[in-house]
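For the sequence shown, the numbering used here gives the first residue as 4, with consecutive numbering after it.
One structure is given here, and the rest of the page talks about it.
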Amino acid sequence: MSSQSTTVRLGAGFASAFAALCAGAVAMGASPIFVRFAWPEVGPFASAFWRVALALPVLYLWMRIEEAKAPADAPRASFTKATILAGFAFAGDLFFWHLSILNTTVANATFFATTAPLFVILIVWLFLKQRVSRGTLIGLALCLAGGAALIGQSLQVDPARIRGDLYGIFTAVFFGLYFLTIGKARETAGAARVTFEAGLVTSACLLVIALIFDTRVMPHTWQTIAALTSLAFISQAGGVGLLAVALGRLPAVFSSLVIFLEAIAAALFGWAILGEALTVVQSLGGALILFGIWAARPKPRPATGE
Numbered sequence: 004m005s006s007q008s009t010t011v012r013l014g015a016g017f018a019s020a021f022a023a024l025c026a027g028a029v030a031m032g033a034s035p036i037f038v039r040f041a042w043p044e045v046g047p048f049a050s051a052f053w054r055v056a057l058a059l060p061v062l063y064l065w066m067r068i069e070e071a072k073a074p075a076d077a078p079r080a081s082f083t084k085a086t087i088l089a090g091f092a093f094a095g096d097l098f099f100w101h102l103s104i105l106n107t108t109v110a111n112a113t114f115f116a117t118t119a120p121l122f123v124i125l126i127v128w129l130f131l132k133q134r135v136s137r138g139t140l141i142g143l144a145l146c147l148a149g150g151a152a153l154i155g156q157s158l159q160v161d162p163a164r165i166r167g168d169l170y171g172i173f174t175a176v177f178f179g180l181y182f183l184t185i186g187k188a189r190e191t192a193g194a195a196r197v198t199f200e201a202g203l204v205t206s207a208c209l210l211v212i213a214l215i216f217d218t219r220v221m222p223h224t225w226q227t228i229a230a231l232t233s234l235a236f237i238s239q240a241g242g243v244g245l246l247a248v249a250l251g252r253l254p255a256v257f258s259s260l261v262i263f264l265e266a267i268a269a270a271l272f273g274w275a276i277l278g279e280a281l282t283v284v285q286s287l288g289g290a291l292i293l294f295g296i297w298a299a300r301p302k303p304r305p306a307t308g309e
């Protein structure tokens, strides 16, 4: 499986893809708020299932509109190996994320989940044999430091929570695989088709998981239904869909670093909606993430005289 290089030709397409990636990160950063409102009535794995399943009609409509407007020769490969693997990878990401939350602190689970770019870079370097630039490594270090600062005051070292921390690392591995497989799938299909078909695979996996591990699967109140619908439309259809749009143009390594904006968005949403105070250290952590993304930005490919 190949992946895009960290050196690209920059143009108008880059700006729009980067904007889509940032908007997607913010949309995904809102997911903890919606899960918090749905949690008393629906179990964690069930909320993950509803997040993906309720988004499918929106994604299907988007797919039909996108392909109706696309040129007749636009690639439309259906259920490619990369798309199916992306569906399994995202199911693994959500599964281990919720297992981590159940077995360690939310802060620990969040911190280990944010190490996904580290695994993206390791896979690109060790298995795909691509060079990783010094700017990318500096950006990764700054983003990891910023992520730790955002939640560091709540991190706890406790041998009793090692299993939950390991689940958090597995979350990062699966999210990293999702980035790479979606990027590969976008080479032969549009963003809407890839997101919809991968979502079908993910929702099927999560339904089985929810039926096995959760006793609270069906929502009963309008508040919970509204929270799950918002989670599906905003964080899944919006956030993950925009991520697929961006990965058709941007390198997976750089895109994985930009997703650190999700942590900043989550902190800001928690402050604005849930009244969770932001400290100076957390603010500095957010600034480090922004600087890390800037340091890792793709560099223009030298002209070849074409």
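Ideal Cβ positions, reconstructed from N, Cα and C, are used throughout, including at glycine.
What you are looking at is a predicted structure, and each value in this text was computed from that prediction instead of being measured.
Beta-carbon spacing of residue i, residue j below 7 Å
i: residue 295; j: residue 250; result: no
i: residue 255; j: residue 123; result: yes
i: residue 154; j: residue 113; result: yes
i: residue 188; j: residue 197; result: yes
i: residue 146; j: residue 36; result: no
i: residue 333; j: residue 119; result: Not covered by the structure: residue 333. The range shown for the chain is 4 to 309.
i: residue 52; j: residue 213; result: yes
i: residue 181; j: residue 96; result: yes
i: residue 26; j: residue 245; result: yes
i: residue 288; j: residue 149; result: yes
i: residue 191; j: residue 80; result: yes
i: residue 299; j: residue 139; result: yes
i: residue 195; j: residue 69; result: yes
i: residue 24; j: residue 258; result: yes
Identity of the residue in the options nearest residue i by Cα
i: residue 105; options: 219, 138 and 171; result: 171
i: residue 166; options: 111, 181 and 214; result: 111
i: residue 283; options: 43, 152 and 20; result: 152
i: residue 235; options: 54, 40, 77 and 184; result: 54
i: residue 261; options: 142, 63 and 135; result: 142
Residue i (DSSP reduced to helix, strand or coil)
i: residue 70; result: helix
i: residue 117; result: coil
i: residue 34; result: helix
i: residue 281; result: coil
i: residue 86; result: helix
i: residue 57; result: coil
i: residue 299; result: coil
i: residue 76; result: coil
i: residue 189; result: coil
i: residue 17; result: helix
i: residue 95; result: helix
i: residue 46; result: coil
i: residue 286; result: helix
i: residue 81; result: coil
i: residue 65; result: helix
i: residue 174; result: helix
i: residue 309; result: Any reading at residue 309 needs caution, since the residue's pLDDT is 44, under 50, leaving its predicted position unreliable; the model's value is listed next. In the structure shown, residue 309 sits in coil (DSSP, three-state: anything other than H, G, I, E or B).
i: residue 108; result: coil
Residue i Cβ short of 6 Å to the ligand PLP heavy atom set
i: residue 279; result: For the structure depicted, the ligand PLP is absent and the ligand set is empty, with no information on it obtainable.
Any 3 or more C-beta pairs closer than 8 Å across the segment 53 to 71 and the segment 201 to 217 | yes
List in chain order: all unbroken alpha helix (DSSP H) runs of 4+ residues lying wholly within the segment 191 to 278.
-> If you keep only unbroken alpha helix (DSSP H) runs of at least 4 residues inside the segment 191 to 278, you get 194 to 216, 225 to 233, 244 to 250, 255 to 261 and 264 to 276.
Continuous alpha helix (DSSP H) assignments of at least 4 residues falling wholly in the segment 122 to 170 = 137 to 154
Any contact of the segment 77 to 94 with the segment 214 to 232, i.e. 3+ C-beta pairs under 8 Å?
-> no
Three or more beta-carbon pairs under 8 Å between the segment 77 to 90 and the segment 260 to 270, yes or no?
-> no
On the three-pair Cβ rule with 8 Å, is the segment 30 to 47 touching the segment 212 to 225?
-> Enough Cβ pairs lie closer than 8 Å, so yes.
Can we say the segment 25 to 32 touches the segment 235 to 244, given the rule of at least three CB pairs closer than 8 Å?
-> yes
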